[in-house]
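What the sequence shown shows, in the working numbering, is residues 1013 to 1109, in sequence order. What follows is one structure encoded as structure tokens, with my remarks underneath.
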Amino acid sequence: MNAKITFVELVDLIAESTSTTKRVCELFLRELFSTVSQALIDGEDVKIKGVGTFKVIHAKPRKSVSVSTGNAIEISGHNKLSFTPDKSLSDAVNQPF
């Protein structure tokens, strides 16, 4: 199974399961994602019980080789988003195994 759930589909699923309007669910999700994003931008880790922890990790500059030319290049340092799932979520996803 390689299906993806779009934002609109997520809104529909939440609205259906909570008997709430799609508009309220959309506003909630947009505010949730905005709040999580702002916390990460501000340098805070975000832990959501039952889901997991989001954090920003700095990747140091490193040397590599250009695939097209074969020349040595340096990849500049940058921030990456890291997600570590909560044990309950990890267990639920891996339960069939």
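Ideal Cβ placement from N, Cα and C applies to all residues, glycine included. Keep in mind it's a predicted model, so treat the numbers as computed, not measured.
Using 8 Å as the Cβ pair cut-off and three pairs as the minimum, do the segment 1075-1082 and the segment 1090-1109 touch?
No, because fewer than three Cβ pairs between the segment 1075-1082 and the segment 1090-1109 fall closer than 8 Å, the two stretches do not touch.
Between residue 1034 and residue 1043, what straight-line distance do the alpha-carbon atoms span, to the nearest angstrom?
14 Å
Under a Cβ-count criterion, where at least 16 other Cβ atoms within 10 Å of its own Cβ denotes burial, should residue 989 be classed as buried or exposed?
Examination of residue 989 is not possible in this model, given that the chain is present from 1013 through 1109 alone.
Looking at the structure shown, is residue 1076 part of a helix, part of a strand, or coil, going by DSSP?
In the structure shown, residue 1076 sits in a strand (DSSP, three-state: E or B).
I think residue 1053 touches residue 1074, with their Cβ atoms under 8 Å apart; what is that distance to the nearest whole Å?
That belief does not hold up - the Cβ atoms of residue 1053 and residue 1074 are roughly 24 Å apart, past 8 Å.
Grab me the residues of residue 1058's own chain with a C-beta within less than 6 Å of its C-beta, minus the 5 sequence neighbours each way, in chain order.
1048, 1051, 1066
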